[in-house]
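For the sequence shown, numbering that gives the first Met the number 0 assigns the number 0 to the initial residue and increments by one for each residue that follows.
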Amino acid sequence: MVEINPDFISPLPHDVIHAIFSFLPLKHAVKTSILSTVWRSLWMPIHVNLDVALDQIVNPEVSKEVTRVIATFLISCNCPRKLYLGIPMSEKMKLQMKNEWFLLATKVDEKELYLSFSEENRPTKDHFHLILEVGSSPNLENSFTEASRFASLKVLHLRSITHLDKNMVAALFSNSQLLEVLKLVKCSGLQHLDLKGGSHFQSFEMLDCPEVVNINLAAPKLKSFRYRGVLPRIQIKKASGFTDALLDFRDGPGHVEFDCEELVTLLKALKDVEILTLSGWLLEWMCSAGVIFGKLGFQFNKLKELWWMGSQMDRTNRDSLACFLNFTPSLERLFIDINTQLDYVPCPPFHHYWHEPHLWMDYAAVKCNALPLERLKTVFIVGFTKQEEELLLMDLLLEKASESELTSMIVKCPENDSWRVAKIPRGRWLLRTWIRKWFSVSSSDQDEWLFGYVDQDYCRDLCPAHSTVF
Numbered sequence: 000m001v002e003i004n005p006d007f008i009s010p011l012p013h014d015v016i017h018a019i020f021s022f023l024p025l026k027h028a029v030k031t032s033i034l035s036t037v038w039r040s041l042w043m044p045i046h047v048n049l050d051v052a053l054d055q056i057v058n059p060e061v062s063k064e065v066t067r068v069i070a071t072f073l074i075s076c077n078c079p080r081k082l083y084l085g086i087p088m089s090e091k092m093k094l095q096m097k098n099e100w101f102l103l104a105t106k107v108d109e110k111e112l113y114l115s116f117s118e119e120n121r122p123t124k125d126h127f128h129l130i131l132e133v134g135s136s137p138n139l140e141n142s143f144t145e146a147s148r149f150a151s152l153k154v155l156h157l158r159s160i161t162h163l164d165k166n167m168v169a170a171l172f173s174n175s176q177l178l179e180v181l182k183l184v185k186c187s188g189l190q191h192l193d194l195k196g197g198s199h200f201q202s203f204e205m206l207d208c209p210e211v212v213n214i215n216l217a218a219p220k221l222k223s224f225r226y227r228g229v230l231p232r233i234q235i236k237k238a239s240g241f242t243d244a245l246l247d248f249r250d251g252p253g254h255v256e257f258d259c260e261e262l263v264t265l266l267k268a269l270k271d272v273e274i275l276t277l278s279g280w281l282l283e284w285m286c287s288a289g290v291i292f293g294k295l296g297f298q299f300n301k302l303k304e305l306w307w308m309g310s311q312m313d314r315t316n317r318d319s320l321a322c323f324l325n326f327t328p329s330l331e332r333l334f335i336d337i338n339t340q341l342d343y344v345p346c347p348p349f350h351h352y353w354h355e356p357h358l359w360m361d362y363a364a365v366k367c368n369a370l371p372l373e374r375l376k377t378v379f380i381v382g383f384t385k386q387e388e389e390l391l392l393m394d395l396l397l398e399k400a401s402e403s404e405l406t407s408m409i410v411k412c413p414e415n416d417s418w419r420v421a422k423i424p425r426g427r428w429l430l431r432t433w434i435r436k437w438f439s440v441s442s443s444d445q446d447e448w449l450f451g452y453v454d455q456d457y458c459r460d461l462c463p464a465h466s467t468v469f
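Next up, the structure:
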C-alpha cells in the first residue's frame, strides 16, 4: 500500500499564508510557489494592457496616466501579487516584441516592491539622467494621491529602467518617506544618477549599468553602498556612519578619465566602514599614479574585513595590496579572490616621480616596509596556483600577522581543493602522519611551504560578507 504524505500547508487560510510571506524577503517569498498548487495560485500574475504605444510614454500626460494605473493596482492589493503590464497587439507586432509585457511588478506587502522593465521591448535605448528624491516632502504639483500612499514602502528593487521610464519612477516613489533600501540593476542608457535619500534611507546597491558616468548620493543615514560595473565618478555627500562598501569595478575605468583625487575623496567618505570590497586593479592604478596611502591623513581604522578581487596576483598587484594593508590596522579577515574569469585591466604609464617608497622594489624592501597586522585572524586565498608572487604574499602576511591571533590561512585551488597553510624551515623533520596529509612547495632556498587538506564543510563558512550580492 502506497503511503500518502499528508499536505499540511495547502489547507492553510490565505490570511495565514500572507502573514508567512510578510516575514520573508521578496526573493524568498516568490520561491514558495513551488511548495503547492495553492501557494502557486497566489502568485498567478494579473495581465493589464495599456492602449498606448511605448514611445508615447515620454509624453507627460501619458506618463502620468500610466503611473496612475500602476500605483492604483499596487496599492489596491493587500496580498502577494504579480502584475504584467502590456501594450496592444498591434504595437507588439510593430516592435517584434518577444515578451508580452513591458513591466513586471511583484509585491508581498506594502513594504517591499520589485519593478522590472522589459529589456527587449524598447524602440530605443537613449542615454538619460535619473533624478530620485526618495523620502522627500510631498510636492503637490508633481505628485498625486495614489503615489503618496507609497509612504510605507521600505525596500524597492528597480531593474532595466530606460529613458522612457525615468519620469514614471520618479513620480511613483518620490514620497516614499520610510524607504530604507534601493537597488538598481541593468539600467541600460543610464549615464547620470542623482539620488537623495530621506532620514530612513540606509542602503543603496547599483549593479551592471554599463553606461553610467556619474553617481551623486546625498543621504544622511546611509550605511551601505554597493556597486558593480565600470568605474564612474562617485560623490557621496551628507553621509556618516557607513558600515560596508562594495567597490567592484570589474569592467574597468569606463567612460571617465581616471582621477586619483576623486578616488581618494571617495575612500575618505568610506573610511569608517567595517567591511570593504575592492578591485585589485584600482589599488594598482592608484599606487602607480602617485597615491601614498600613509600620507593621506586618514586610515581605515574600523575595517575588519577586506575582500580583494582581481584577475591575477602578479608583482604589482601584490605590492599595491601590501601598500593598502598598511592602511588597515584593525583588519581581522582578509579574502583574496584571484579569478581568471575577470577581465585583465592593464595599468597605463603614469608620469609621476613619487609613489609608495617601497613600491615596485625587491621583495625584501616590500617586506621591510609593511606594517604589522596584529589583529589579523583569517586569510583565505581563492584561485591559488602556487605561483611565486602568491607564495611571497603569504610569506608577507605570516610575517606581519600576530602568531597568537592568526588562527587560519587557507588557500583554494582552481580545482576546488582547499588547503591549510603552514611554513617550516627547510630540513625540519615531520611526523609521518603529517607527511601523508600534507604536501610541500619550495618558495626559497631557506623556507618550505606545507599545505594540509581542509574539509570542504569548513571552507563553506569562510566567505566574504559581500558574497551574497553575487
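Built from N, CA and C at the ideal position, the CB exists for glycine as well.
Assigned exposure category for residue i - 16 Cβ within 10 Å defines buried
i: residue 428; result: Bear in mind that a pLDDT of 44 at residue 428, under 50, signals an unreliable position, so the number given afterwards is only what the model happens to contain. The residue is exposed, with fewer than 16 neighbouring Cβ atoms inside 10 Å.
i: residue 434; result: Here the model assigns residue 434 a pLDDT of 43, short of 50, so the residue's position is not dependable and the matter cannot be decided.
i: residue 462; result: exposed
i: residue 66; result: buried
i: residue 389; result: buried
i: residue 171; result: buried
i: residue 186; result: buried
i: residue 64; result: exposed
i: residue 367; result: exposed
i: residue 296; result: exposed
i: residue 45; result: exposed
i: residue 469; result: exposed
i: residue 108; result: buried
i: residue 411; result: buried
i: residue 173; result: buried
i: residue 486; result: Because the chain is modelled from 0 through 469, residue 486 falls outside the range shown and cannot be assessed.
i: residue 106; result: buried
i: residue 243; result: buried
i: residue 315; result: buried
i: residue 276; result: buried
i: residue 319; result: buried
i: residue 111; result: buried
i: residue 175; result: buried
i: residue 407; result: exposed
i: residue 466; result: exposed
i: residue 239; result: exposed
Beta carbon of residue i nearer than 8 angstroms to that of residue j
i: residue 326; j: residue 289; result: no
i: residue 154; j: residue 132; result: no
i: residue 283; j: residue 346; result: yes
i: residue 160; j: residue 116; result: yes
i: residue 226; j: residue 194; result: no
i: residue 149; j: residue 181; result: no
i: residue 177; j: residue 191; result: no
i: residue 342; j: residue 249; result: yes
i: residue 470; j: residue 241; result: Here the chain comprises residues numbered 0 to 469, so residue 470 is not present and cannot be evaluated.
i: residue 157; j: residue 103; result: no
i: residue 274; j: residue 311; result: no
i: residue 279; j: residue 307; result: yes
i: residue 330; j: residue 294; result: no
i: residue 381; j: residue 335; result: yes
i: residue 184; j: residue 152; result: no
Contacts around residue i, its chain only, beta-carbon distance under 6 angstroms, and the 5 residues preceding and following it disregarded
i: residue 299; result: 270, 326, 327
i: residue 268; result: 235
i: residue 396; result: 378
i: residue 214; result: 192, 231, 233
i: residue 344; result: 251, 280
i: residue 301; result: 271, 273
Chain C within 8 angstroms of residue i, Cβ atoms only
i: residue 181; result: Chain labels in this structure do not include chain C; a single protein chain is all it has.
Residue i: CB within 7 angstroms of a non-hydrogen atom of the ligand SAH
i: residue 174; result: As presented, the structure is devoid of all ligands, the ligand SAH included, so that no description of it is given.
Nonlocal neighbours in the same chain, by C-beta distance under 7 angstroms from residue i, ignoring five residues either side
i: residue 253; result: 229, 230, 231
i: residue 321; result: 365, 369, 395
i: residue 259; result: 285, 288, 289, 290
i: residue 556; result: For the chain, the structure presents residues 0 to 469; residue 556 sits outside this window and is missing.
Proximal residues to residue i (C-beta, below 8 angstroms), its chain only, five neighbours per side dropped
i: residue 144; result: Because residue 144 sits at a pLDDT of 48, beneath the cut-off of 50, its placement in the model cannot be relied upon, and the point is left open.
i: residue 188; result: 124, 125, 126, 127, 161, 162, 210
i: residue 237; result: 217, 218, 219
Any 3 or more C-beta pairs closer than 8 angstroms across the stretch 363-379 and the stretch 400-408:
With the rule of 3 Cβ pairs closer than 8 angstroms, the stretch 363-379 counts as touching the stretch 400-408.
Segments assigned beta strand (DSSP E), at least 3 residues, entirely inside the stretch 200-271
Runs found: 202-206, 213-217, 223-227, 232-236, 243-247.
Cβ contact check for the stretch 162-175 and the stretch 224-243: 3 or more pairs under 8 angstroms:
At 8 angstroms Cβ cutoff, the stretches do not touch.
Would you list, in sequence order, the uninterrupted beta strand (DSSP E) runs of no fewer than 3 residues that lie entirely inside the stretch 296-367?
Counting whole runs of 3 or more residues, the stretch 296-367 contains the beta strand (DSSP E) stretches 304-309, 332-337.
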